[in-house]
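Protein chains: 2
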Amino acid sequence: MTEDNVVYIGSKPVMNYVLAVVTQFNNGASEVTIKARGRAISRAVDVAEVTRNRFVAESKVKDIRIATERIASDKGDSNISTMEIVMIK
Amino acid sequence: MTEDNVVYIGSKPVMNYVLAVVTQFNNGASEVTIKARGRAISRAVDVAEVTRNRFVAESKVKDIRIATERIASDKGDSNISTMEIVMIK
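In order, the protein sequences belong to chains A and B.
Using numbering that gives the first Met the number 0, read the first sequence as starting at 0 and increasing by one per residue.
Using numbering that gives the first Met the number 0, read the second sequence as starting at 0 and increasing by one per residue.
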């Protein structure tokens, strides 16, 4: 159930993901988790800030977690940073 | 005094900033704050993760804060996301 309330950040414009987060809150979610890896991490912060400042004023950041994931590719393994922003309202 | 233990993340390679953080810990700091704005935020997470995983094993992330700053430019005001990662050891 919690897993339903996850928005994964890719390379689309920030507003696409803001809309996804706002929709989840409007559909009754009390908690939405924004997940990103690598360079999308900056965009994840933008999504959380735009949501909080412009669309869901009663929402706030409950927790931010960072970690490292190991990615296997044809050039060998590499590490990538990950971030999760848990928002509640 | 706390302000001395701040590392600002710019557009240099990650390892430059990791070295700055590690140096502060080695010089006796018990807390180092990594600050970044905009697209440098992803790099700030890399710096924290590389420091923790490879150089200062006893360090950990104490707090992560995100916020929005208003920037005045010749094209008018705009908003930029900011992040602070507080590391302790």
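Every residue gets a Cβ at the ideal spot worked out from N, C-alpha and C, and that includes glycine.
Below-8 angstroms beta-carbon distance, residue i vs any chain B residue
{"i": "I65 (chain A)", "result": "yes"}
{"i": "N15 (chain A)", "result": "no"}
{"i": "V55 (chain A)", "result": "no"}
{"i": "D76 (chain A)", "result": "no"}
Rounded Cβ spacing between residue i and residue j (contact assumed at less than 8 angstroms)
{"i": "M86 (chain A)", "j": "I33 (chain A)", "result": "7 angstroms"}
{"i": "A19 (chain A)", "j": "M82 (chain A)", "result": "No, A19 (chain A) and M82 (chain A) are not in contact; Cβ-Cβ is about 17 angstroms, not under 8 angstroms."}
{"i": "E68 (chain A)", "j": "I84 (chain A)", "result": "So it is not a contact: roughly 16 angstroms between Cβ atoms."}
{"i": "V60 (chain A)", "j": "V17 (chain A)", "result": "Not quite, the Cβ-Cβ distance comes to about 14 angstroms (not below 8 angstroms), so this is no contact."}
Cutoff 8 angstroms: residue i Cβ touching any chain D Cβ
{"i": "R69 (chain A)", "result": "No chain D appears in the structure shown, which is made up of the protein chains A and B."}
CB contact check: residue i to chain A, cutoff 8 angstroms
{"i": "S80 (chain B)", "result": "yes"}
{"i": "V60 (chain B)", "result": "yes"}
{"i": "N4 (chain B)", "result": "no"}
{"i": "P12 (chain B)", "result": "no"}
{"i": "S72 (chain B)", "result": "no"}
Helix, strand or coil at residue i according to DSSP, with G and I counted as helix
{"i": "N175 (chain A)", "result": "Coverage of chain A is limited to positions 0 through 88, which leaves residue 175 (chain A) absent and any answer about it impossible."}
{"i": "D3 (chain B)", "result": "helix"}
Residues, ordered as in the chain, of the segment 17–40 of chain A that lie near chain B by beta-carbon distance below 8 angstroms = If the cut-off is 8 angstroms between Cβ atoms, the segment 17–40 of chain A has G37, R38, A39, I40 near chain B.
In chain order, each beta strand (DSSP E) run of at least 3 residues that lies wholly inside the segment 34–86 of chain B | 59–72
The segment 40–51 of chain B: which residues have C-beta closer than 7 angstroms to a C-beta of chain A, in chain order?
-> Cβ contacts with chain A: I40, S41, V44, D45, A47, E48.
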